[in-house]
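The sequence shown begins at 29 in our numbering and counts up one residue at a time.
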Amino acid sequence: MTFVQRLSISFVLTAAFFAGCETTRDIQYDMEPAARLEAMRFGGVELDYATLLFDVEIDNPYRVSLPVPRLRYAIINDGRTFLTATALDNVSVPPNTKKVLTLSDQVIYARLLRALGGEPGSTIPFKAELTLSLDTPGSGWTDLHAEKEGIIVLPESPEINVEGITYNAVDVIYVPTPQDVVDKMLELAQIKKDDMVYDLGCGDGRIVVKAAKRFGCRAIGFDIDPRRVEESLENVQKNNVGHLVKIEQKDIFTLDLSKADVITLFLLSRLNVKLIPQLEMLRPGSRIVSHNFAMEGVKPDKVVTMFSSEDQFEHTVYLWTTPLKKETDE
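Here you go:
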């Protein structure tokens with residue numbers, strides 16, 4: 029073989045080597061997986077929890093299955109992030125396949141409704157931001173991001189039986205009010221020592237206990253759930269306010285509220301409306317404060333928005349005084 033022939037072969041091999049390197053780079057670039065969020069929806073509600081479903085299209089360009097073990101997500105409404113979580117799913121995408129996977133997570137439905145100020149059956153706008161963690165061959169862990177804006181329907185909740193009475197599950201599920209929001213509610217109500225405070229749906233009794241300790245007033249907490257009643261009684265005993273605070277297991281829609289000076293609420297808006305006939309029996313000058321939920325058809329005297337350092341969310345507190353001012357009144 030002559031020198032010229034050897035030199036020609038060397039050039040050919042060198043050119044082939046660099047061409048091969050370029051092809052490898054192209055393949056590596058083309059082999060990046062991709063994800064797209066097609067839809068977010070609810071899969072149903074069972075007592076405390078709702079199943080949130082994400083339909084995600086994932087493109088797996090590899091010759092092996094692509095595991096998708098973890099999903100992090102944030103749900104945003106009206107510019108406010110009201111839900112963030114991490115869901116673990118044992119799913120994977122088959123080799124060389126573009127497939128829609130349904131990833132799921134469970135959320136506390138009553139807390140979600142209260143954070144949104146929504147009602148079962150209503151629709152809300154949302155923006156979902158997803159991060160999918162993938163175990164890619166050769167590259168290790170890779171994060172894929174997907175976003176979607178749309179409208180989601182809040183599902184109807186099931187009915188449950190408490191003490192022989194049937195209730196909508198969301199109506200009786202307890203979501204605690206942050207302590208700094210409790211303070212704001214009591215401040216707006218301008219509670220005095222000789223006031224009687226009623227908390228309708230008292231949960232763990234935190235509002236009536238705080239009212240008694242801070243103002244020395246009498247208070248009664250009402251709840252239909254025997255578990256909440258037990259928690260409230262323990263809270264009363266723990267804080268040594270049993271001489272001021274009573275806890276009663278009762279249906280709040282059967283109560284005579286006429287002896288109360290202050291009513292505190294953390295109920296859905298439709299339940300506030302249902303209470304109007306009872307609230308109209310309050311003495312003139314009585315105060316009603318509600319956490320996060322308005323009372324349709326009744327004008328509030330004051331609306332205060334605050335940021336809670338406890339749960340890092342924005343909260344709204346409504347104040348009404350009696351006699352109630354209807355929106356149709358001049």
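Where a beta carbon is used, it is the ideal one built from N, C-alpha and C, also for glycine.
For clarity, every value in this text was computed on a predicted model and none was experimentally measured.
> Hey, does residue 256 have any beta-carbon neighbour from chain D nearer than 9 Å?
Replying inline: Within the model displayed, chain D is absent; a lone protein chain is all it includes.
>> Let me make sure I understand the geometry here. Which of 128, 338, 90 has the alpha-carbon closest to that of residue 166?
In response: 90
> Between the C-alpha atoms of residue 305 and residue 281, what's the straight-line distance to the nearest angstrom?
Replying inline: About 10 Å.
>> Using a Cβ distance threshold of 8 Å, determine whether the region 220 to 233 contacts the region 285 to 301, with at least three qualifying pairs required.
In response: yes
>> Do residue 210 and residue 246 count as a contact pair if the criterion is CB distance below 9 Å?
In response: no
> Exposed or buried, residue 205, counting other C-beta atoms within 10 Å across all chains shown (16 or more means buried)?
Replying inline: Answer is buried; the Cβ neighbour count reaches 16.
> Under the DSSP definition of a beta bridge, which residues are partnered with residue 153?
Replying inline: 179
>> Suppose the cutoff is 7 Å on Cβ atoms and the five residues either side in sequence are ignored; what does the same chain contact list for residue 87 look like?
In response: 61, 62, 126
>> Tell me whether the region 211 to 219 and the region 332 to 348 touch, counting them as touching only if at least three CB pairs, one residue from each stretch, are closer than 8 Å.
In response: yes
>> For residue 331, which residues in the same chain have their Cβ closer than 7 Å to its Cβ, ignoring the five residues on either side in sequence?
In response: 344, 346
> Rounded to whole angstroms, how far is the Cβ of residue 144 from the Cβ of residue 84, which I believe are closer than 8 Å?
Replying inline: In fact, because the Cβ distance is near 23 Å, the residues do not count as touching under 8 Å.
>> I need the straight-line Cα distance from residue 149 to residue 59, nearest angstrom please.
In response: 43 Å
>> Assuming the contact rule is C-beta atoms closer than 8 Å, residue 275 and residue 261 should be a hit. Round their C-beta distance to whole Å, please.
In response: 5 Å
>> Classify residue 259: buried if its beta carbon has 16 or more other beta carbons within 10 angstroms, exposed otherwise.
In response: buried
> If you run the structure through DSSP and keep just helix, strand and coil, what is residue 136?
Replying inline: Residue 136 carries a strand assignment under DSSP once its states are collapsed to helix, strand and coil.
> Alpha carbon to alpha carbon, what distance is there between residue 263 and residue 257?
Replying inline: 10 Å
> To the nearest angstrom, how far is it from the Cα of residue 219 to the Cα of residue 311?
Replying inline: 15 Å
>> Per the DSSP calculation, residue 68 is bridged to which residue(s)?
In response: 82
>> Measuring alpha carbon to alpha carbon, tell me which residue in 325, 351, 309, 317 is nearest residue 295.
In response: Looking at the Cα atoms, 317 is the closest of the given residues.
> Out of curiosity, what's the CA-to-CA distance linking residue 137 and residue 266?
Replying inline: 30 Å
> What is the DSSP secondary structure of residue 91, counted as helix, strand or coil?
Replying inline: Here DSSP, grouped into helix, strand and coil, assigns residue 91 to coil.
>> Quick check on residue 180: buried or exposed, where buried means 16 or more other Cβ atoms within 10 Å of its Cβ?
In response: Residue environment for residue 180: buried (at least 16 other C-beta atoms within 10 angstroms of its C-beta).
> Should residue 169 be labelled buried (16 or more other beta-carbon atoms within 10 Å of its own) or exposed?
Replying inline: exposed
>> Determine whether the beta carbon atoms of residue 175 and residue 158 lie at a separation below 9 Å.
In response: yes
> Under three-state DSSP, which class holds residue 98?
Replying inline: Strand at residue 98.
> So which of 120, 230, 133 has the shortest CA-CA distance to residue 77?
Replying inline: 133
> Taking residue 354 as the reference, which of 73, 154, 338, 323 has the closest Cα?
Replying inline: A check of alpha carbon separations from residue 354 across 73, 154, 338, 323 identifies 323 as the nearest.
>> Within a Cβ cutoff of 7 Å, which residues of the same chain sit near residue 239, ignoring the five residues on either side of it in sequence?
In response: Result list for residue 239: 214, 219, 225, 245, 247, in chain order.
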